[in-house]
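>
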Amino acid sequence: MKLNLRSVDLNLFPVFEAIMEQGSLNMAACHLGMSQPAASAALKRLRLTIKDELFVRTRRGLEPTARALELYPVVHHLLESLRGEMERANQFDPLFCERIFKVAGGDYFDMVFMGRLMNMLRESAPKVQVESVIHGFQESLNLIQRGKLDLCLHYDKEIAHELPTLKLFEESMSVLMAADHPYADKQLSLSDYIALEHVVLPKLSGNANQLDVILGGFNENRCVRARVSSVSSMVMAIKQSYLIGTIPTRMASILCEGYDLVFKPFPKEVPPIPIYLSWASFSDNDSVHRWFRNMIAGLE
414 MKLNLRSVDL NLFPVFEAIM EQGSLNMAAC HLGMSQPAAS AALKRLRLTI
464 KDELFVRTRR GLEPTARALE LYPVVHHLLE SLRGEMERAN QFDPLFCERI
514 FKVAGGDYFD MVFMGRLMNM LRESAPKVQV ESVIHGFQES LNLIQRGKLD
564 LCLHYDKEIA HELPTLKLFE ESMSVLMAAD HPYADKQLSL SDYIALEHVV
614 LPKLSGNANQ LDVILGGFNE NRCVRARVSS VSSMVMAIKQ SYLIGTIPTR
664 MASILCEGYD LVFKPFPKEV PPIPIYLSWA SFSDNDSVHR WFRNMIAGLE
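Have a look at this one:
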C-alpha cells in the first residue's frame with residue numbers, strides 16, 4: 414500500500430526511524446533528545462495515522478511489523494532528503510553576511526587577533542562587524558549563557574569547564590622595557606625583576622592584578638610605581654621612563670615592532686598559560702557562529 418504523505422505529520426517520522434534503527438523506544442528517545450513519554454505519544458499518533466501497530470514487543474525489543482519494514486526505506490529516504498535541504502538552507506554566503514559579533518577578549522584580543530581577523534574578513538565578509546568588549550570572567554560567562562555575547566577569549570579554566578571551549582594555543586609572559594633602559598642589554602634575574610620599578614594594570618577582585626592570578630602571586634614584592642588603565646597606557650609609560658611591564662609574549666612582540674621597546678623572557682619558569690575560546694552550547698546549532706569562530710581559530 415502506497416504511503417500518502419499528506420496524511421502524516423512529518424514530525425512523527427524521526428521517532429519511527431529511530432526505533433527502527435535502535436530497536437527500543439527508550440533508546441530512540443535518547444537518540445533524538447526527547448523524553449520517553451513524548452516519543453511514545455509520537456509513536457501512538459503514527460500508529461493511528463498509518464493504521465498499523467508498526468512494532469511488536471518481544472524479548473529482543475521492539476520488532477517491526479511487515480508494514481513498518483515496507484515503510485522504513487521510504488521514510489528514511491524522505492528524512493535524508495529533508496536533512497540535506499536543511500543543511501543547504503543553513504549554509505550561507507559570508508559575502509552577504511551583515512552580522513555583528515561581540516567578543517570579550519580585552520587588549521589581548523584587540524592586539525593579537527583583531528587586525529589579522531579584519532584583514533581576513535575584508536574580502537570574504539566585508540559587511541561583518543566585530544565588537545570587542547571588556548568584561549570580567551564571571552560576567553562574560555553570564556552574558557554568553559544569556560545570548561548577549563558571542564565569544565570569550567580567556568585563560569580561565571572554570572569558564573573552559575562551563576562552556577564549549579577550544580584551546581587555541583599556550584602563552585608565556587615577557588618583560589617589556591624601553592630600548593634605552595639600563596637592563597635592555599643585560600640578562601634579567603628574578604631579583605633584578607623584583608627590584609626594578611614596575612607599571613601594572615588594574616587590580617581584579619580579591620585585590621590581585623592579572624599577573625598575580627596567572628603567576629600565583631609570587632610577585633607581590635615587586636616595586637610597583639604606577640598603575641594604568643590599559644596596555645596602551647602601559648606602553649607609553651614604559652617608553653617614556655625606566656618603568657618595566659609584564660605582559661603576554663605575543664603582545665610584547667607586536668609592541669616592539671611599533672615602538673622603541675625590547676622584551677625579555679620572564680625571569681622565572683612558570684606553567685604555560687592556555688588561551689581558550691569559549692561560547693554558548695546553543696551556538697553550536699548556528700552555522701554562521703561556527704564559521705566566525707573557525708575564522709578566529711584559524712589565525713593561530
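According to the working numbering, the sequence shown holds residues 414 to 713 in order. All C-beta atoms in this analysis are idealised placements derived from N, C-alpha and C, irrespective of residue type, glycine included.
For residue 517 versus residue 543, is the C-beta distance shorter than 9 Å?
No.
> If we ignore side chains and look at the alpha-carbon of each, how far apart do residue 563 and residue 696 end up?
Using only the alpha carbons, I get a separation of about 8 Å.
> Return the CA-CA distance between residue 530 and residue 646, expressed in angstroms with no decimal places.
Going by the C-alpha atoms only, they are around 24 Å apart.
> Under the assumption that residue 579 contacts residue 690 (Cβ atoms under 8 Å), give the Cβ distance between them as a whole number of angstroms.
The pair is a contact, with the Cβ atoms about 5 Å apart (cut-off 8 Å).
> Ends of the beta strand (DSSP E) at residue 541?
No beta strand (DSSP E) contains residue 541, which DSSP labels as neither H nor E.
> With DSSP collapsed to three states, give me the class of residue 618.
Bear in mind that the predicted position of residue 618 carries a pLDDT of just 49, short of 50, making it too unreliable to give a figure here.
> Between the stretch 593-609 and the stretch 675-689, do at least 3 Cβ pairs fall closer than 8 Å?
At 8 Å Cβ cutoff, the stretches touch.
> Give a yes or no on contact between the stretch 479-497 and the stretch 444-460, applying the rule of three or more CB pairs nearer than 8 Å.
Because the criterion of three Cβ pairs below 8 Å is not met, the stretch 479-497 and the stretch 444-460 do not touch.
> Answer yes if the stretch 556-576 comes into contact with the stretch 641-655, meaning at least three C-beta pairs across the two stretches below 8 Å, and no otherwise.
No, they do not touch.
> By how many angstroms is the C-alpha of residue 526 removed from the C-alpha of residue 662?
Using only the alpha carbons, I get a separation of about 14 Å.
> Counting beta carbon pairs with one atom in the stretch 568-578 and one in the stretch 637-646, are three or more of them shorter than 8 Å?
Because the criterion of three Cβ pairs below 8 Å is not met, the stretch 637-646 and the stretch 568-578 do not touch.
> Mind checking residue 430: buried by the 16 CB within 10 Å criterion, or exposed?
Per the 10 Å Cβ criterion, buried.
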